[in-house]
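Student:
Number of protein chains: 2
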Amino acid sequence: MRMVVVGGVAAGLSAASRARRLDRSLEIVVLEKGARISYGACGLPYFIEGQVRSIEDLVVYTPEFFERERDIRIRTGCEVIAVQHGRREVVLRSGERIGYDRLVWAAGSRPIEKAPGGHILNFQTDEDAERLHAFLREKHPRNTAIIGGGYMGLEMAAALRARGLEVTVFHDATTLLNREDDWLTKRVAARLSRCRIDLRLNTRAGSPESLPFDLVLLSSGARPNVEPLVDAGAETGRGGALRVDDRMETSLRGIYAAGDCCETNHVVTGRPVWIPLGTTANKTGRVAGANATGARERFEGIAGTSIVRIAGLAVAVTGLSSQQARREGFSPVEVVIEERSRPKYFHGRKVAVQLVADRNSRRLLGAAITGDDGVIGRINVLATALAAKMRVADLLSLDLAYSPPYAPVMDPLLIAAQQLIRVLE
Amino acid sequence: MRMVVVGGVAAGLSAASRARRLDRSLEIVVLEKGARISYGACGLPYFIEGQVRSIEDLVVYTPEFFERERDIRIRTGCEVIAVQHGRREVVLRSGERIGYDRLVWAAGSRPIEKAPGGHILNFQTDEDAERLHAFLREKHPRNTAIIGGGYMGLEMAAALRARGLEVTVFHDATTLLNREDDWLTKRVAARLSRCRIDLRLNTRAGSPESLPFDLVLLSSGARPNVEPLVDAGAETGRGGALRVDDRMETSLRGIYAAGDCCETNHVVTGRPVWIPLGTTANKTGRVAGANATGARERFEGIAGTSIVRIAGLAVAVTGLSSQQARREGFSPVEVVIEERSRPKYFHGRKVAVQLVADRNSRRLLGAAITGDDGVIGRINVLATALAAKMRVADLLSLDLAYSPPYAPVMDPLLIAAQQLIRVLE
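Chains as they are written, first to last, in our numbering: chain A, 1 to 425; chain B, 426 to 850.
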């Protein structure tokens, strides 16, 4: 029995590792298009910023580790261009064919706008980061245009600003970070403005070639790498990502998918979404890998939790914004409070908490938190509350830890919940 | 209609404030034994350590604020020595009688061992802290014995060590911090040892007067202030604390209790416990205050979540330890893992996570976390999971936030849950 895994980053390697743990006799082959496997792509902006000295520092495991410790064969530089599911074969760009009994598709995503090179670059892979790094070192650009105000775009804006470049961000929608939330967009815009990053909301940049900037970064979004599977007959859904059931099996029996190339279920709406993130890649990879060996595990879905640091500001979200909730058929009610993350005498900084609940069911639907610290723990509490389908009243009685060095006696989350209860009454 | 609240710190003032919000016409009188109201008693060790410059900095609200903004009458220096519930009167030490229609008892707790003064002091109230502060300034003690390894004892041990004193802690049990947990005790003991605090576990100090130390702090535990209510016929339970129903009403109709003087329900066991903490005081105060005005709110109970900083080490717990779980009739299974709180290149420090689950139901029962950072957010996630009665498998699929400045892609909580699943399988 041979399992072939397409993709050697988060999802693919999680799948391969889990499969090996459950089945010692399976032959496992991972095919990775690029030259590196198992690197933390989310760390790339910090390589540009200078916090990470080398991309090698982002590599968690080497191919040798997988071969030696886990008996997993790793083949880099292998791009799969076709899947012939009837014959149980994948076809590589080289023409080589590799047979499989089980296939896990974890081919990730790629930028919607492909950069031509020169001073117009993408920023998604390790190779992109190396290209940009070399460009910065050799060309000393003084200004840059970043096309796209998603996570990567804004992290890169801050990283390049920290390196002294003049930065302009063009974003073709009115709200940032793939979150339809005017409040959150305002908080982020204020921080960008404080660092003198020029943010142009609701503005199309036009042709990258025509922009008068020393450096142009294309970061306007991603699309899933699914074409060979779609050609083989797999169904797709949101954003063109692969449809999967709750066992991460695609519509093609025996082919599982994981990571950025497939949909997941949203725990608040119960409906499929496409929110490609590294944590989800790891979790769906584990489930896909297990089920490809014959296990019957379920992936419970995601809350869309994420956090990003933008010029020192932690910006975190989970669940739905009011706008998103309304579109999903809820009657959202929203509050925003601002409180210290710790007592003043322990250098507590202001943390702003937005909670969204449904007027009818009084269930928590989503949240956003911004602040210079004390953000991640609190968004994680709310992500847990969403998974448990808690109502706002349940939040009120949460027994959260208190001690002056770490939190105020009435946690900002509880204060926000109290306000929301009042609005709901 | 007059509501009398006995106690002017966390629980009493929460009750009074909530009552005022729900009932604008009620007469509300708060009777406080001491001279100060509304101070953060948990901040007192930091006053001794020097982080807080004055106890006034710990005062959240003044009596004038309550009178002016909330129309709540505050009377300090008023100790209630008897309750005559038949006549709806409390009797003050001065002999004065004050009638009530509704009574909220929030009289807190006091040290089991009362210090005689001189170089033998307690450390519970603002007045205790002032006495100790003056002693340190005037007598320049070079060494101190602390009797009791609970929260306050260990915080004070670290605070006095930070001021340069030689510190010996005598603790008459084998486990610290009111938690029957050998693992946690070992972690804490290691940190104390690193700061050269001499910890004597399972050791009775003997008579404080006979101890050869310049300063002796008695911190061997607290007992609830309930005598006047008990004399009036109120029932007590664990630790001598007042029995209350889930509406915070005592066994005496029309008398509500809140804070350190009463029991609460434990969300894991569903049974009453007595775990006096400031956060619980605030929450039970709100419920008692509301119900005393005729509302019908419930207090859902506590998970026993707490955090303490001991010489830089954050030590946090929630729910039950294995030993406690066994005594409650569960079949506990426990794992401990140690992982970085953030990637290494973001200065991630090791955080140790202990999870306890029930072998039969696979429910999470409790947790403990220690580390120099990244502790409070994680214990709060687990406290939320306990409130939601989550199973270990539910933890595995929690959608926790990830970004290199804040967390690793596989959060230590998820790694611990994975290990625990393996043990349960």
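Note that beta-carbon positions come from the ideal geometry of N, C-alpha and C, so glycine has one too.
Note that the structure is a prediction, hence the values are computed from the model and not measured.
Looking at chain B, which residues of the region 299 to 320 of chain A have a Cβ within less than 8 Å of any of its Cβ atoms?
Tutor: Phe-299, Glu-300, Gly-301, Ile-302, Ala-303, Gly-304, Thr-305, Ser-306, Ile-307, Val-308, Arg-309, Ala-314, Ala-316 and Thr-318
Student: Excluding the 5 residues preceding and the 5 following Ile-391/B in the sequence, name in chain order all residues of the same chain whose CB lies nearer than 6 Å to its CB.
Tutor: Because chain B in this structure spans residues 426 to 850, residue 391/B falls outside the shown range and cannot be described.
Student: Here's the rule: buried if 16 or more other CB atoms are within 10 angstroms of the residue's CB, otherwise exposed. What is Pro-212/A?
Tutor: Sequence index remark: in the first sequence, residue 212/A carries index 212 (1-based). So Pro-212/A ends up on the exposed side.
Student: Here's a check: name, in chain order, each residue in its chain whose Cβ is nearer than 6 Å to the Cβ of Arg-36/A, leaving out the five neighbours to either side.
Tutor: Position 36 of the first sequence, counting from 1, holds the residue named residue 36/A. Closer than 6 Å at the Cβ level, and outside the excluded window around Arg-36/A, lie Asp-126.
Student: On the DSSP bridge list, what partners appear for Lys-775/B?
Tutor: Here residue 775/B refers to the residue found at position 350 of the second sequence. According to DSSP, Lys-775/B bridges with Arg-765/B.
Student: Provide the residue span of the alpha helix (DSSP H) that contains Asp-182/A, from first to last.
Tutor: Here residue 182/A is taken as the residue at index 182 of the first sequence, counted from 1. Note, Asp-182/A: alpha helix (DSSP H), 182 to 194.
Student: Can you have a look at Asp-128/A and say buried or exposed, based on whether 16 or more other CB atoms are within 10 angstroms of its CB?
Tutor: Working through the first sequence from its first residue, we reach residue 128/A at position 128. Asp-128/A comes out buried.
Student: What would DSSP say about Pro-224/A, mapped onto helix, strand or coil?
Tutor: In the first sequence, residue 224/A corresponds to position 224, counting from 1. Three-state DSSP puts Pro-224/A in a strand.
Student: Starting from Thr-501/B, trace the alpha helix (DSSP H) both ways and give me its first and last residue.
Tutor: Taking the first residue of the second sequence as position 1, residue 501/B is located at position 76. Premise fails: Thr-501/B lies in the beta strand (DSSP E), 498 to 501, not in any alpha helix (DSSP H).
Student: Got a sec, what are the start and stop residues for the beta strand (DSSP E) Asn-122/A sits in?
Tutor: On the first sequence, residue 122/A is found 122 positions in, with the first residue counted as 1. Run containing Asn-122/A: 120 to 122, per the beta strand (DSSP E) assignment.
Student: Taking one C-beta from the region 675 to 682 of chain B and one from the region 479 to 494 of chain B each time, how about it: are there three or more such pairs within less than 8 Å?
Tutor: no
Student: Less than 8 Å between the C-beta atoms of Leu-617/B and Val-693/B, yes or no?
Tutor: As a working note, residue 617/B is residue 192 in the second sequence. As a working note, residue 693/B is residue 268 in the second sequence. No, Cβ-Cβ distance for Leu-617/B and Val-693/B is not below 8 Å.
Student: At what residue ranges does the region 653 to 715 of chain B contain a whole run of the beta strand (DSSP E), taking only runs of 3 or more?
Tutor: 680 to 682
Student: Could you please give me the residues that DSSP links to Arg-527/B through a beta bridge?
Tutor: Indexing the second sequence from 1 puts residue 527/B at position 102. Met-428/B, per the DSSP bridge assignment.
Student: So with Cβ pairs under 8 Å, would you call Tyr-402/A a contact of chain B?
Tutor: Along the first sequence, read from residue 1 onward, the residue named residue 402/A stands at position 402. Tyr-402/A counts as touching chain B.
Student: Give a yes or no on whether the minimum CB-CB distance between Asn-603/B and chain A is below 8 Å.
Tutor: On the second sequence, residue 603/B is found 178 positions in, with the first residue counted as 1. So, not an interface residue.
Student: With DSSP collapsed to three states, give me the class of Asn-178/A.
Tutor: If you number the first sequence from 1, residue 178/A lands on position 178. Collapsing the DSSP output to three states places Asn-178/A in coil.
Student: Please identify the residue among Tyr-464/B, Leu-745/B, Arg-752/B and Val-834/B whose C-alpha is closest to the C-alpha of Val-60/A.
Tutor: Numbered from 1 along the first sequence, position 60 holds the residue referred to as residue 60/A. Ranking Tyr-464/B, Leu-745/B, Arg-752/B and Val-834/B by Cα distance to Val-60/A puts Val-834/B first.
Student: When the Cβ atoms of the region 220 to 231 of chain A are set against those of the region 95 to 115 of chain A, are three or more pairs found closer than 8 Å?
Tutor: yes
Student: Less than 7 Å between C-beta atoms, sequence neighbours within five positions excluded: which residues of the same chain meet that for Lys-389/A?
Tutor: Here residue 389/A is taken as the residue at index 389 of the first sequence, counted from 1. Taken in chain order, the residues that qualify are Arg-363.
Student: Can you tell me whether DSSP reads Arg-296/A as helix, strand or coil?
Tutor: Mapped onto the first sequence, residue 296/A falls at position 296. In this structure, Arg-296/A counts as coil in the three-state DSSP scheme.
Student: Residues of chain A with CB closer than 8 Å to the CB of Gly-703/B, please, in chain order.
Tutor: In the second sequence, the residue the question calls residue 703/B occupies position 278. Per Cβ cutoff of 8 Å: Tyr-402 and Val-409.
Student: Among Ala-598/B, Met-428/B, Val-430/B and Ala-436/B, which residue has its Cα nearest to the Cα of Ala-706/B?
Tutor: Numbered from its first residue, the second sequence carries residue 706/B at position 281. Comparing Cα positions, the closest option is Ala-436/B.
Student: So which residues on chain A does Leu-379/B lean against when the C-beta distance must stay under 7 Å?
Tutor: Because chain B is modelled from 426 through 850, residue 379/B falls outside the range shown and cannot be assessed.
Student: Per DSSP, which one or two residues make a beta bridge with Asp-623/B?
Tutor: One-based indexing of the second sequence puts residue 623/B at position 198. The partner list for Asp-623/B (beta bridge, DSSP) reads Thr-593/B.
Student: Using only the alpha-carbon positions, how far apart do Ser-397/A and Glu-725/B sit?
Tutor: Position 397 of the first sequence, counted from the start, is the residue given in the question as residue 397/A. Position 300 of the second sequence, counted from the start, is the residue given in the question as residue 725/B. Near 6 Å, if we compare the C-alpha coordinates of Glu-725/B and Ser-397/A.
Student: Which residue or residues does DSSP assign as beta-bridge partners of Ser-109/A?
Tutor: One-based indexing of the first sequence puts residue 109/A at position 109. Under DSSP, the beta-bridge partners assigned to Ser-109/A are Pro-224/A.
Student: Any beta carbon of chain A sitting closer than 8 Å to that of Arg-425/B?
Tutor: Shown here, chain B extends from 426 to 850; a query on residue 425/B therefore has no answer.
Student: Mind checking which residues open and close the beta strand (DSSP E) that includes Leu-218/A?
Tutor: Within the first sequence, the letter at position 218 stands for residue 218/A. Per DSSP, Leu-218/A belongs to the beta strand (DSSP E) from 215 to 218.
Student: Using the three-state DSSP reduction, which class does Arg-803/B fall into: helix, strand or coil?
Tutor: Walking along the second sequence from the start, residue 803/B turns up at place 378. In this structure, Arg-803/B counts as helix in the three-state DSSP scheme.
Student: Go to Ile-506/B, then tell me how far its beta strand (DSSP E) extends in each direction, as first and last residue.
Tutor: Your numbering for residue 506/B matches position 81 in the second sequence. First-last of the beta strand (DSSP E) with Ile-506/B: 505 to 509.
Student: If Asn-380/A sits next to Leu-825/B, beta carbons under 8 Å apart, how far is it from one beta carbon to the other, in whole angstroms?
Tutor: One-based indexing of the first sequence puts residue 380/A at position 380. One-based indexing of the second sequence puts residue 825/B at position 400. 5 Å between Cβ atoms; contact.
Student: Name the one or two DSSP bridge partners that Ile-302/A has.
Tutor: Sequence index remark: in the first sequence, residue 302/A carries index 302 (1-based). Beta-bridge pairing links Ile-302/A to His-266/A.
Student: In its own chain, which residues sit with a C-beta less than 8 Å from the C-beta of Leu-839/B, not counting the 5 before and 5 after it?
Tutor: Position 414 of the second sequence, counting from 1, holds the residue named residue 839/B. Taken in chain order, the residues that qualify are Leu-820, Leu-821, Leu-823 and Leu-825.
Student: In chain B, which residues lie less than 7 Å from Asp-57/A when you measure between Cβ atoms?
Tutor: Residue numbering aside, residue 57/A sits at position 57 when the first sequence is read from its first letter. Per Cβ cutoff of 7 Å: Tyr-770.
Student: Since I believe Gly-719/B is in contact with Arg-389/B (beta carbons under 8 Å), could you give me their beta-carbon distance rounded to a whole number of angstroms?
Tutor: The structure shown does not extend to residue 389/B, since chain B is modelled only from 426 to 850, so the question has no answer here.
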